[in-house]
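Colleague: In terms of full-length UniProt numbering, the sequence shown opens at residue 1 and continues consecutively.
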Amino acid sequence: MVKAVQKENKELYQLPDKKRFLFRIIVPAFPSFNIYTKIAKRTTALGPILVATSANKLEKWDVEVVDENNCRSGFCPKDYSGRPDHIELQKIRPADVVGFYGSLTSTIPRLYKLAELYKKYGVKTAAGGKHIENLPKEALKNNIDAVVFGDGEQTIKELLLAWQEGKNLKKTAGLAFLIGRKLFKTKPRKLLTDFEELPLPDFNLLRYAKMKIYPVSWWRGCPYNCEFCAVKDKTRCAPSERLLAAVVHLAETRKAKNFFIVDDHFGGNHYDKKQLEETIKFCRQIAKYRKKFGKKLSFTVQIRLTAASRPKLLEAMRQADISTVCIGYESPIDEELIAMRKGIVSKQMVERTKIFHKFGFFIHGMFIFGYPHKKGSVVDKAGLRLSLKDKIKRFGNFIARAKIDTVQVLLTVPLPGTELRQRLKKEGRLYPLRQIGWEYYDGQFPLFKPDNGVSPEKIQQAVKKIMSRFYRFNCIIKIIFNIGFHFPRVVFPITLTLFTLRVRHLTKAFKKWRRLYFRNQTRRFGGYLIIRRWLKKFREGDFLEKLARAKLQFNKRKAVDKEDGEIFGF
Numbered sequence: 001m002v003k004a005v006q007k008e009n010k011e012l013y014q015l016p017d018k019k020r021f022l023f024r025i026i027v028p029a030f031p032s033f034n035i036y037t038k039i040a041k042r043t044t045a046l047g048p049i050l051v052a053t054s055a056n057k058l059e060k061w062d063v064e065v066v067d068e069n070n071c072r073s074g075f076c077p078k079d080y081s082g083r084p085d086h087i088e089l090q091k092i093r094p095a096d097v098v099g100f101y102g103s104l105t106s107t108i109p110r111l112y113k114l115a116e117l118y119k120k121y122g123v124k125t126a127a128g129g130k131h132i133e134n135l136p137k138e139a140l141k142n143n144i145d146a147v148v149f150g151d152g153e154q155t156i157k158e159l160l161l162a163w164q165e166g167k168n169l170k171k172t173a174g175l176a177f178l179i180g181r182k183l184f185k186t187k188p189r190k191l192l193t194d195f196e197e198l199p200l201p202d203f204n205l206l207r208y209a210k211m212k213i214y215p216v217s218w219w220r221g222c223p224y225n226c227e228f229c230a231v232k233d234k235t236r237c238a239p240s241e242r243l244l245a246a247v248v249h250l251a252e253t254r255k256a257k258n259f260f261i262v263d264d265h266f267g268g269n270h271y272d273k274k275q276l277e278e279t280i281k282f283c284r285q286i287a288k289y290r291k292k293f294g295k296k297l298s299f300t301v302q303i304r305l306t307a308a309s310r311p312k313l314l315e316a317m318r319q320a321d322i323s324t325v326c327i328g329y330e331s332p333i334d335e336e337l338i339a340m341r342k343g344i345v346s347k348q349m350v351e352r353t354k355i356f357h358k359f360g361f362f363i364h365g366m367f368i369f370g371y372p373h374k375k376g377s378v379v380d381k382a383g384l385r386l387s388l389k390d391k392i393k394r395f396g397n398f399i400a401r402a403k404i405d406t407v408q409v410l411l412t413v414p415l416p417g418t419e420l421r422q423r424l425k426k427e428g429r430l431y432p433l434r435q436i437g438w439e440y441y442d443g444q445f446p447l448f449k450p451d452n453g454v455s456p457e458k459i460q461q462a463v464k465k466i467m468s469r470f471y472r473f474n475c476i477i478k479i480i481f482n483i484g485f486h487f488p489r490v491v492f493p494i495t496l497t498l499f500t501l502r503v504r505h506l507t508k509a510f511k512k513w514r515r516l517y518f519r520n521q522t523r524r525f526g527g528y529l530i531i532r533r534w535l536k537k538f539r540e541g542d543f544l545e546k547l548a549r550a551k552l553q554f555n556k557r558k559a560v561d562k563e564d565g566e567i568f569g570f
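(1) Apart from the five residues just before and just after Asn555, which ones in its own chain have a Cβ nearer than 8 angstroms to its Cβ?
(2) Using the three-state DSSP reduction, which class does Tyr329 fall into: helix, strand or coil?
(3) Kindly indicate which three-state DSSP category Asp564 falls into: helix, strand or coil?
(4) Quick one: which unbroken beta strand (DSSP E) runs of 3-plus residues sit fully inside the UniProt domain "B12-binding" (31-170)? Chain order, please.
(5) Please name the residue, chosen from Lys232, Arg236, Cys283, that lies closest to Val247 on a Cα-to-Cα basis.
(6) Would Ile399 pass as a contact of Gly365 if the rule is Cβ separation under 8 angstroms?
(7) With a 10 Å radius around its C-beta and 16 neighbouring C-beta atoms as the bar for buried, classify Asp96 as buried or exposed.
(8) What does the alpha-carbon distance come out to for the pair Pro493 and Val413?
(9) Take every Cβ of the region 421-431, pair it with every Cβ of the region 333-351, and state whether three or more of those distances are shorter than 8 angstroms.
(10) Nearest-angstrom Cα distance between Asp405 and Leu420?
(11) With distances taken between CB atoms, is the gap from Tyr101 to Pro28 smaller than 8 angstroms?
(12) Answer yes or no: do Leu15 and Trp163 have a C-beta to C-beta separation smaller than 8 angstroms?
(13) Taking just the CA atoms, how far does Asp263 sit from Asn269?
(14) Give me, in chain order, the residues of the same chain whose beta-carbon lies closer than 8 angstroms to that of Arg20; leave out the 5 immediate sequence neighbours on both sides.
(15) Taking just the CA atoms, how far does Arg352 sit from His265?
(16) Which class does Gly365 belong to by DSSP, given the choice of helix, strand or coil?
(17) Between Asp321 and the rest of its own chain, which residues show a CB-CB distance below 7 angstroms, the 5 nearest in sequence each way excluded?
(18) Would you report the Cα separation of Asp17 and Tyr224, rounded to the nearest angstrom?
(19) Of all the options Ala316, Phe259, Val325, Phe367, which has the alpha carbon lying nearest to the alpha carbon of Leu337?
(20) Would Asp125 pass as a contact of Val98 if the rule is Cβ separation under 8 angstroms?
(21) Let me confirm a value: Val2 is counted as buried when at least 16 other C-beta atoms fall within 10 Å, else exposed. Which label applies?
(22) Hey, Ala176 and Leu140 are a contact pair by Cβ (cut 8 angstroms); roughly how many whole angstroms apart?
(23) Pick out the complete alpha helix (DSSP H) segments inside the region 269-350, 4 residues or longer, and give them in chain order.
(24) Name the residue from Phe23, Arg504, Arg341 whose alpha carbon lies nearest to the alpha carbon of Leu205.
(25) Please list, in chain order, all residues of the same chain as Gln435 whose beta carbon is under 7 angstroms from its beta carbon, the five residues on each side excluded.
(26) How long is the line joining the alpha carbons of Val231 and Cys222, rounded to whole angstroms?
What follows is the structure in structure tokens.
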């Protein structure tokens, strides 16, 4: 009897004996109607690259990353939908273990579908990321063998070796898996603090992709406590030299020019003197490198408005050619900012935005529309007096007053693991997942009963209205006018300096014209085209029918959302 149990456990945990093994990490594709599919074709997620780089150090393992959103190489086998053909991939290079990137909730249905396919081939499956971490039971009931929690670099190596050598997974920290039908979680793994012991991310492991924007990272975690956010880990950072090394390595080995620093808040806590000095130090290091080697490097970062009170930081950022800042304004409505626990009001946001403009930053503003007030609170009562029309007007006026260059207005998304989701669930406002599934959790669709008796359809139309007023067709007329009128006015007079061989004056004039008269209008027209394509797919889809069924079930009080597996039949 004992021998039979031992044999069963060995078969459960051990891979077939081979000279070499293949570990494939998959970044699942966004739904076809997702508005971000275009930008996703130019970059990739950093997390899978970091995990793959670490796993690639194992002696008997080959590792590759396949990002379904960025498979533009002609060598990639495609299925009828234009996505990677995983059946053909298994014929060409059979994977022994497949890992899935599960941080983006809207990709989860695709992730589970791929996991089901690979399990049919007898492949071991693992998954990590915020969604998976917060709903491990759901993942394990949908063909995932092991869930990885937290930083995955060390955990994945121990997991692969355990499967290779037939060891019991109970001894590997930071995992969850099923024993029979019961969820078993191993002891938590300590958060990484020494990032210098990790290898630099190896983008050569990314197959079939064509990279335009390279993601790099410096910090992990977040020091703030926003109700709608799932990132609550303690902040940890590497020395500035570490980020510099990653940038220089990519610039010199892959000719990378455009970088996105994916940290939620560039430089972390700007009120911490040490962190502030380290951030300024990095910017100066980049500026020095660019000047010494004549490298043209461009950076986009996510940053809080609090940085406006740090002029030395902003000056150093511009010297490093950090040109674009993505700022989470969330809302221009003070009552909603209080509910979000943002710690700032709209008047302060406008003042601080002006400071960013003064330093010459291109500002991409990110907003959340229709944020739910807490029932019975003072904020809720104040919100009752604000109509949907007034909210739309406030958003438009704020964007105009702050002179934000590009905007992104999303509907509120109650992500798994957030306090917001727990609150809405307790208030009985979430639409059932059986009708409005995870694929719609991308900020473009209403996911819960709105405040003040407003219909979800009108909330969605309000966002379309705000975005459509900002990204308009008539921008093409302005582009033509700016080329025909402002370009000769600004650039042509400077051409006389060519006789003195001072080309830099002409370059400076061109950049000025592009910044003042061309850049924003072209991006707004591009945004208009993206919105137009999305609206076409929306009209072709069946979301409104699903929403009608969800509302009917909701109104009949039959919607019991168990979250952990019910959507997939468990």
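Even for Gly, the Cβ is constructed at its ideal location relative to N, Cα and C.
Modeller: Let me lay it out:
(1) none
(2) strand
(3) Note that Asp564 scores a pLDDT of 46, beneath 50, so its modelled location is shaky and nothing firm can be said.
(4) 61-67, 97-101, 124-128, 146-148
(5) Cys283
(6) yes
(7) buried
(8) 51 angstroms
(9) no
(10) 29 angstroms
(11) yes
(12) yes
(13) 12 angstroms
(14) Lys60, Trp61, Asp62
(15) 16 angstroms
(16) strand
(17) Arg290, Leu297, Ser298, Phe299
(18) 47 angstroms
(19) Phe367
(20) According to the sequence as given, residue 125 is Thr; it is not Asp. Yes, these two residues count as a Cβ contact at 8 angstroms.
(21) Because Val2 sits at a pLDDT of 39, beneath the cut-off of 50, its placement in the model cannot be relied upon, and the following sentence gives the value as read from the coordinates. Under this definition Val2 is an exposed residue.
(22) 7 angstroms
(23) 273-293, 311-319, 334-340
(24) Phe23
(25) Lys546, Arg549, Ala550, Gln553
(26) 6 angstroms
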